[in-house]
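In what follows, a single structure is set out as structure tokens and then discussed.
In the UniProt record's numbering, the protein residues as written are 1 to 277.
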């Protein structure tokens, strides 16, 4: 009976994994096809293998602007996720280990921020950016990505479980200041929180579409999501853009796979270390 239940769970997980990988599998097949093969062959079947030609077409379109979008997305997502994760860990640590007037009320506002969808804040952010004068700049997309209420909540929870007060008191007794105690003692213990928030934010910023759509009109500042959208709109008049969008979408998945595969072991190791400590 136990064997049957385990087999049922594993079968369900396999089906869920296959279902999740279905769009990516179709994207892999479609990116190897010419425009004629795209509409003239089954979706999950190879035709003439034209992936290299499609990548060359993507690279040469509009002076190679696709890779400018690629670099923009790496900057938005990579730097934004790293800074956002650090800010979230610092805030979560402060909420957990320090006491000040109105702390719980302020933390309630943070939790309220978790419930607000990012699309609902796009217009207020645009109005603020227009007042400051940073609309249609790198900072209009980068700065809002640094705020991550769920990351603050997660960091507070993990700080309470992973960072014993006794360890901080011992560091202070040895003469460490608050900043040094956080950097040398607390931050290594909060590595699972940092990596988790980084992965969440990297994925969210990489896939962010609505905020760049509102903030930017210079195509040299576009991230991949917005750039591919402009190509897709042109596909209504010029069908050859459909193959460019499909190939570009496949290439856009590569950084996400690299980040998750490279950080997975650090994530697991950090969680194990945190549980021991």
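Even glycine gets a Cβ: it sits at the ideal position worked out from N, Cα and C.
Every value quoted in this text rests on a predicted model; they were computed, and no experiment measured them.
- Taking 8 Å as the cut-off, the Cβ atoms of residue 224 and residue 70 count as close.
- Of all C-beta pairs linking the region 70-87 to the region 190-203, three or more are shorter than 8 Å, placing the two stretches in contact.
- Setting aside the 5 residues that flank it on each side, residue 29 is surrounded in the same chain by 43, 44, 45 and 46, each with a C-beta closer than 7 Å to its C-beta; the list follows chain order.
- Take the alpha-carbon of residue 119 and the one of residue 97: they are about 33 Å apart.
- In this structure, the CA atom of residue 26 is about 16 Å from the CA atom of residue 15.
- Looking at 252, 191 and 185, the one whose alpha-carbon comes closest to that of residue 264 is 191.
- Judged by DSSP secondary structure, residue 44 falls outside any alpha helix (DSSP H); it is assigned neither H nor E.
- Shown here for residue 185: same chain residues with a beta carbon closer than 8 Å to its own, the five before and five after excluded, namely 163, 167, 168, 171 and 176 in chain order.
- Per DSSP, the continuous alpha helix (DSSP H) segment holding residue 196 begins and ends at 191-206.
- In terms of Cβ geometry, residue 231 and residue 244 form a close pair [threshold 8 Å].
- Per DSSP, reduced to three states, the secondary structure at residue 105 is helical.
- Distance from the CA atom of residue 5 to the CA atom of residue 17, rounded to whole angstroms, is 18 Å.
- Within the same chain, 69, 72, 212 and 216 come within 7 Å of residue 222 by CB-CB distance, once the 5 residues on both sides are set aside.
- Around the C-beta of residue 60, fewer than 16 other C-beta atoms lie within 10 Å, and the residue is accordingly described as exposed.
- A residue is called buried once 16 or more other Cβ atoms fall within 10 Å of its Cβ, and residue 153 is buried on that count.
- Between the alpha carbons of residue 67 and residue 226 lies a distance of about 13 Å.
- The three-state secondary structure of residue 10, taken from DSSP, is helix.
- For residue 62, the secondary structure class from DSSP, reduced to helix, strand or coil, is helix.
- Apart from sequence neighbours up to five positions away, the residues of its chain that approach residue 187 with a beta-carbon distance below 8 Å are 89 and 194, ordered along the chain.
- In this structure residue 233 is exposed. Its beta-carbon is surrounded by fewer than 16 other beta-carbon atoms within 10 angstroms.
- In the DSSP assignment, residue 138 falls within the unbroken alpha helix (DSSP H) covering 138-142.
- Closest in alpha carbon position to residue 151, among 207, 183, 112 and 208, is 112.
- The Cβ atoms of residue 92 and residue 156 lie closer than 8 Å to each other.
- The DSSP-derived three-state label of residue 19 is helix.
- When only Cα atoms are considered, residue 77 and residue 95 end up about 26 Å apart.
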